[in-house]
Structure formats: structure tokens, C-alpha cells
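Report on one structure; see the data block that follows.
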Amino acid sequence: MPELPEVETVRLALVPAMEGRWIGAAHVGRPDLRWPLPDNLAARLTGRMVGPLARRGKFLLVSLDGDETMLMHLGMSGSVRIHHQRPAIGKHDHMVLEMQGAASPCWVVFNDPRRFGWIDLFSEDIHPMLADMGPEPLGNEFSAATLTARLAARRGPIKTALLDQRLVAGIGNIYACEALFGAGISPRRRGYTIRRQRADRLAAAIRDVLTRAIEDGGTSLRDHVQPGGEIGYFVQRLSVYGRAGESCRACGTTIRSLVQSGRSSFYCPDCQR
DNA sequence: CTTTCGTCCTGACTGC
DNA sequence: TGCAGTCAGGACGAAA
């Protein structure tokens with residue numbers, strides 16, 4: 026379940042391993058993940074120089090020489106590991122890049138058991154999957170005002186709206202629940218009722234929870250790890266996600282869960298209105 | 001237009 | 001111990 030903080034953690038770890046270096050060899054295991062991969066992906070990556078690494082929402086963007094960009098999405102079970110010795114290729118290792126150009130090579134391995142992730146190459150200014158994406162929540166274009174404007178037509182629950190990448194980029198189920206707790210807003214509240222003070226609180230809570238999660242190296246649930254193999258410690262600071270039946274850390278009330286649009290939501294019925 | 005639901009996938013877990 | 005069933009969820013596409 027890599028969301029914005031987990032993808033940003035991956036990006037930060039990959040910068041020293043990839044930026045300014047070149048791909049000496051590439052292995053691609055199968056021609057499809059969530060969607061078909063580009064034809065001859067391994068051959069097209071081999072020999073390429075890597076430029077800046079960027080992130081947009083939950084997507085990782087790797088600039089290559091020749092004005093091309095590799096787009097990567099980790100789906101829900103994807104992870105990236107950096108090895109300093111040539112690794113054995115595992116069952117779900119879909120792409121392995123041998124990075125050259127530094128004192129010693131390293132290997133970047135993309136692993137994704139459930140194959141909800143994706144890799145693509147594009148040369149256009151913007152990839153079609155990024156075209157309709159909302160503002161970066163940690164950027165200058167995101168504010169309570171933009172949030173209010175985009176929620177004005179939303180009659181469904183705010184929790185469901187937060188998962189829509191067109192509203193704001195990078196939020197998934199964990200951080201939607203956590204941000205609503207931070208803002209004191211019920212996941213059931215209809216989107217268009219989030220105005221003024223509630224919008225201020227929600228925008229601030231989104232920025233706060235994402236920033237804190239990045240500082241902690243993301244949230245590790247099940248087997249998710251950072252590229253260096255470390256786990257993300259934000260799991261210890263979750264207020265509501267996965268805590269149904271436990272006590273609210275703020276007021277002691279029992280945390281509840283409900284299903285909205287097929288997704289589990291967790292909330293404190295006392296702190297969130 | 002918004003909203004919901006089905007789909008894809010595999011590993012972890014539950015219950016008999 | 002074994003096995004069937006359930007759940008997890010990101011994002012698209014169909015349908016309402």
C-alpha cells in the first residue's frame with residue numbers, strides 16, 4: 026500500500042543509487058504487470074544515463090537521457106530494494122537495473138507480488154495517467170481554498186473523495202483515514218460540507234500527516250520495506266488505521282471501522298464529527 | 001457530471 | 001495438518 030510518503034521514501038533512497046549514473050544492464054521478467062510493459066523495455070533501458078528522480082502523487086518519475094522518462098507505480102504490494110552485490114532474481118522481481126558510473130555498481134530491484142504496479146516509458150511533456158491528477162498536497166498549489174473548490178460538487182463521503190487522485194494527489198486508504206482523524210472530521214461527512222474552518226483543518230492535517238510519515242520512512246504494513254531494507258516506523262504512530270476495537274489515543278473511545286465504496290475506513294466516533 | 005461496483009493479483013490469515 | 005474461503009487495495013472502466 027505505498028502511498029505518497031512511501032513513494033517519497035523510495036525516491037529519496039534511490040537518488041544516490043541512480044541519479045547521475047547509467048544503466049549497465051537491465052532485466053525485465055515478464056511483459057505485463059497491471060498493464061502491458063513497453064516493448065523491449067530491458068533493451069531500451071540498457072546504456073541509458075539517469076537524470077533527476079521526481080515524484081508525482083504515488084508515481085515515481087525517472088528521467089533518462091534522450092528526453093525520455095520512466096514512470097513507475099508500486100501498486101499496493103510493490104517495493105524497491107537496492108543491493109550492493111549482484112542479487113539472485115526472485116519470483117516477483119519484475120525489473121532489475123544494474124547501475125554503473127560510481128566506484129562500485131549497485132542493483133535496483135523492483136518487486137511486486139500482486140502485480141498491481143506498472144512501469145512505462147514516455148517522451149511527451151506529461152503522461153496521460155498524470156494529466157488529470159490533482160495538486161501535490163505538499164506543494165504550493167494545494168490549499169484549503171483549492172480543496173473547498175474541488176469538493177463543492179461532491180455529495181458522497183469525504184473519505185471516498187480523498188481517495189480520488191483528481192482531488193489531491195498521493196493519498197490512499199491509510200492517510201485518508203489518518204488525515205480525517207487529524208482534522209476531526211467524520212469519514213461519513215459529505216464532501217461539499219467541508220468549507221472554511223473544516224477545509225483549513227483538513228488541508229493542514231493532510232500536510233501534517235504526510236510530512237510526519239515521510240520523516241518516519243513511511244508506514245510498513247505486512248512486508249513493505251524501504252529500499253535499504255529498513256521498515257517504516259509511521260505504523261507506530263497511526264491514530265486510527267487498522268485500530269478498530271482499540272482505544273482512541275486522544276479520548277479513549279473505541280475506534281470503529283466501516284466500509285465505504287468497498288474500502289475500510291477507521292475513525293474515532295468521538296473525535297471526528 | 002458524480003458515484004458505485006467489478007476487475008485484476010497473490011500472500012496472509014481464518015475457520016472448519 | 002489441510003484446504004477452502006476471505007480479505008487487502010490502486011486505478012481503470014462500465015454502468016447507474
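Counting with my numbering, you get residues 26 to 298 for the letters of the first sequence. Every residue, glycine too, gets a C-beta built ideally from N, C-alpha and C.
According to DSSP, is residue i part of a helix, a strand, or is it coil?
| i | result |
| --- | --- |
| Leu122 | strand |
| Cys276 | coil |
| Met154 | helix |
| Asp295 | coil |
| Phe141 | coil |
| Leu176 | helix |
| Phe206 | helix |
| Val219 | Reading off the sequence shown, one finds Ile at residue 219, where the question assumed Val. Looking at Ile219 - three-state DSSP - the assignment turns out to be coil, as it is neither helix nor strand. |
| Asn198 | helix |
| Arg59 | coil |
| Ile114 | coil |
| Thr71 | coil |
| Arg36 | helix |
| Leu96 | strand |
| Arg81 | strand |
| Ala269 | coil |
| Leu66 | helix |
| Ala127 | coil |
Suppose you measure from the CA of residue i to the CA of residue j; what does that come to, to the nearest Å?
| i | j | result |
| --- | --- | --- |
| Leu89 | Arg80 | 15 Å |
| Gln297 | Pro212 | 8 Å |
| Leu66 | Gly197 | 29 Å |
| Arg268 | Gln222 | 27 Å |
| Gly28 | Leu155 | Per the sequence shown, the amino acid found at residue 28 is Glu instead of Gly. Going by the C-alpha atoms only, they are around 15 Å apart. |
| Phe147 | Leu205 | 35 Å |
| Leu58 | Met97 | 11 Å |
| Arg140 | Glu93 | 24 Å |
| Ile293 | Val265 | One point to set straight first is that residue 293 is Cys, not Ile, in the sequence displayed. If you take the alpha carbons of Cys293 and Val265, they lie about 7 Å apart. |
| Ala275 | Arg111 | 48 Å |
| Ala178 | Phe291 | 24 Å |
| Leu172 | Asp157 | 15 Å |
| Arg55 | Met74 | 23 Å |
| Gly72 | Ala50 | 7 Å |
| Ala170 | Arg191 | 15 Å |
| Ala201 | Arg288 | 11 Å |
| Leu37 | Pro30 | 10 Å |
| Ala174 | Arg220 | 9 Å |
| Gly176 | Ala224 | The sequence given here has Leu at residue 176, not Gly. So the two alpha carbons sit approximately 10 Å from each other. |
| Glu166 | Asp64 | 36 Å |
| Arg69 | Arg281 | 49 Å |
| Ile151 | Met95 | 12 Å |
| Gly243 | Val234 | 10 Å |
| Leu62 | His117 | 15 Å |
| Ala230 | Gly207 | 5 Å |
| Ser168 | Thr236 | 15 Å |
Nearest by alpha-carbon distance to residue i: which of the options is it?
| i | options | result |
| --- | --- | --- |
| Pro130 | Arg140, Pro252, His108, Ser168 | His108 |
| Val6 | Met95, Phe84, Leu62 | Lying before the first or after the last residue shown, residue 6 is absent from the chain, which here runs from 26 to 298. |
| Ser102 | Arg237, Pro56, Leu263, His119 | His119 |
| Tyr217 | Gly243, Leu163, Gly242, Thr185 | Thr185 |
| Val193 | Ile144, Leu227, Arg73 | Leu227 |
| Ala42 | Ser168, Asp225, Trp132 | Trp132 |
| Gly270 | Val260, Leu283, Phe259, Arg262 | Leu283 |
| Glu203 | Pro138, Cys273, Gly159, Ala169 | Cys273 |
| Ser286 | Ala170, Leu188, Ile144 | Leu188 |
| Gly82 | Val260, Thr279, Gly159, Ala38 | Gly159 |
| Trp60 | His117, Arg69, Ile144, Leu70 | Ile144 |
| Ile199 | Met95, Glu161, Ala238 | Ala238 |
| Gly195 | Ala208, Ile210, Gly164, Gly209 | Gly164 |
Quick one: measure Cβ to Cβ for residue i and residue j, integer angstroms, because I've assumed they're closer than 8 Å.
| i | j | result |
| --- | --- | --- |
| Arg215 | Pro182 | 7 Å |
| Leu99 | Val32 | 6 Å |
| Val134 | Val105 | 7 Å |
| Leu78 | Val40 | 6 Å |
| Arg262 | Asp295 | That belief does not hold up - the Cβ atoms of Arg262 and Asp295 are roughly 20 Å apart, past 8 Å. |
| Arg232 | Pro138 | Contact doesn't hold; Cβ gap of about 32 Å is too wide. |
### Inter-stretch contact (C-beta, 8 Å, three-pair minimum) for the stretch 37-56 and the stretch 123-139
Because the criterion of three Cβ pairs below 8 Å is met, the stretch 37-56 and the stretch 123-139 touch.
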